[in-house]
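One structure is given below, encoded as structure tokens.
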């Protein structure tokens, strides 16, 4: 039979499979973060619920969960069956589809700050478009961001954490040196620095852009009153407040961080949980804010934006979120249980872990006994030891754990046991 792809392959190890990938895929991955996520070689064969199975047949409890979108676990049939059915009816025509309205209505119903929206393919695309829209609406160009917040890899938002004054530097080789000319940056929760920026640059600011819960440099909640401060200052200066809820949307509450903290932005960017792991994102706000797009006075495009399979994923994922009134209460309880078990594991091994959590998003990082600071090398060794024992999380301590309804307390007990054993192993290695 021609034109088919066979899944039947000779048995192979994770190492040989990964080496084979590297022959034809640059670095063996299609994202730099994915390369950084492989401390010890692992190549996935399948994933279901809270577990991944590698090409050697090993099954691992996963608390990384695809960087967060799988709030109901991998291969959730309530979502995947709808997507599969839509593929049978055609997944891309480039024309409006009946599912567009259903998907958008669910977002608007659940997220306080959204009345209208546009769909995109990724958080990076949606963030680029939201910032461009803010510049159209204000007639200004300057954007204030915060250190450690990740807003995708576009030219004006991919920046270093270090600044020259308020000016960050381009993060990646090949970026235009002047790319950061219209981007400012201060520390997260730094009230004095924010007030100083508004005092000096408030009249030139198009937008303040933030993750309302910092979740890309460990998990750091907003300090009490900080989001309210941003809301007050942006309104006073005529700038827009833009929430990057790529991670927090439908994750820390039904309506995202803006519902959890009671602060409504002018524009919201969403992805991850919204599509249940399917590549889809959105940006939106009140009708007045979206008016330039509705009247084609601002620009946003993309052949695959709003494709019918993606709309099926959004409609199915958010319909399930909407149907479960106790979902976030249960995830909060699961997060609290995981947090307590991790602390117990650290105590049993007589090591210190930095643990910070908001809802079902939790950062766990090994710290140095000598300095108390996060120990990236030690954390990477800890991750490798845990992976060998059947638990996967990202080797970079900045990357959070994401819990799902597929995780059970028994799973978390196993994670804690593996963590304690691995902490003891890493401590013994350090003592030699």
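Numbering (our numbering), first residue to last: 14 to 445.
Ideal Cβ positions, reconstructed from N, Cα and C, are used throughout, including at glycine.
Close beta carbons around residue i, own chain, < 6 Å, minus the five adjacent residues each side
i	result
residue 411	230 and 231
residue 91	333
residue 98	none
residue 115	328
residue 66	58, 59 and 72
residue 239	202
residue 142	296 and 313
residue 19	Its pLDDT being 49, under 50, residue 19 is placed unreliably in this model, and the value from its coordinates should be taken loosely. No residues qualify anywhere along the chain.
Beta-carbon spacing of residue i, residue j below 9 Å
i	j	result
residue 265	residue 119	no
residue 340	residue 244	no
residue 228	residue 376	yes
residue 365	residue 385	yes
residue 84	residue 415	yes
residue 222	residue 144	yes
residue 419	residue 81	no
residue 440	residue 354	no
residue 402	residue 431	yes
residue 316	residue 73	no
residue 224	residue 257	yes
residue 436	residue 395	yes
residue 288	residue 336	no
residue 30	residue 56	yes
residue 69	residue 26	yes
residue 325	residue 105	no
residue 53	residue 400	yes
residue 270	residue 226	yes
residue 170	residue 154	no
Nonlocal neighbours in the same chain, by C-beta distance under 8 Å from residue i, ignoring five residues either side
i	result
residue 381	387, 388 and 391
residue 272	124, 125 and 266
residue 369	231, 232, 233, 234, 375 and 376
residue 14	Any reading at residue 14 must be qualified, since the residue scores a pLDDT of 42, below 50, and its modelled position is unreliable; the value itself is stated next. So no residue of the chain qualifies.
residue 250	211, 215, 216 and 218
residue 352	368, 370 and 375
residue 397	52, 53 and 408
residue 113	132, 319 and 324
residue 21	Interpretation of residue 21 is limited by its pLDDT of 48, a score under 50 that renders its predicted location unreliable; the figure taken from the coordinates is listed afterwards. Excluding residues within five positions, none has a Cβ falling inside 8 Å.
For residue i, three-class secondary structure by DSSP
i	result
residue 439	helix
residue 396	helix
residue 388	coil
residue 99	helix
residue 21	Per-residue confidence for residue 21 stands at a pLDDT of 48, beneath the threshold of 50, marking its modelled position as unreliable; the derived number appears in the next sentence. Three-state DSSP puts residue 21 in coil, outside helix and strand.
residue 249	helix
residue 376	strand
residue 424	helix
residue 219	strand
residue 14	Note that residue 14 scores a pLDDT of 42, beneath 50, so its modelled location is shaky and nothing firm can be said.
residue 232	coil
residue 402	coil
residue 355	helix
residue 8	Look at the range of the chain in this structure, 14 to 445, and you will see that residue 8 is not part of it.
residue 37	helix
residue 112	helix
residue 342	helix
residue 30	helix
residue 347	helix
residue 256	strand
residue 365	coil
residue 429	helix
residue 226	coil
residue 243	helix
Own chain partners of residue i with C-beta closer than 7 Å, once the 5 adjacent residues on each side are dropped
i	result
residue 198	158, 159, 160, 172, 176, 179 and 181
residue 136	165, 259, 282, 284 and 294
residue 79	290
residue 168	188, 189 and 192
residue 139	133, 282, 284, 294, 295 and 296
residue 253	147, 150, 151, 219, 220, 247, 279 and 280
residue 206	199 and 200
residue 86	62, 63, 417, 418 and 419
residue 4	Outside the displayed span of the chain (14 to 445) sits residue 4, for which this structure offers no information.
residue 117	130
residue 438	398
What are the start and end residues of each continuous alpha helix (DSSP H) run of 4 or more residues lying completely inside the stretch 120–183, in chain order? As far as the stretch 120–183 is concerned, its whole alpha helix (DSSP H) runs of at least 4 residues are 136–151.
Taking only runs that begin and end inside the stretch 265–334, name each unbroken beta strand (DSSP E) of 3 or more residues, in chain order. Uninterrupted beta strand (DSSP E) stretches at least 3 residues long and entirely within the stretch 265–334 occur at 280–283 and 294–298, given in chain order.
Entirely within the stretch 42–77 and at least 4 residues each: give me those alpha helix (DSSP H) ranges in chain order. Correct list: 45–49.
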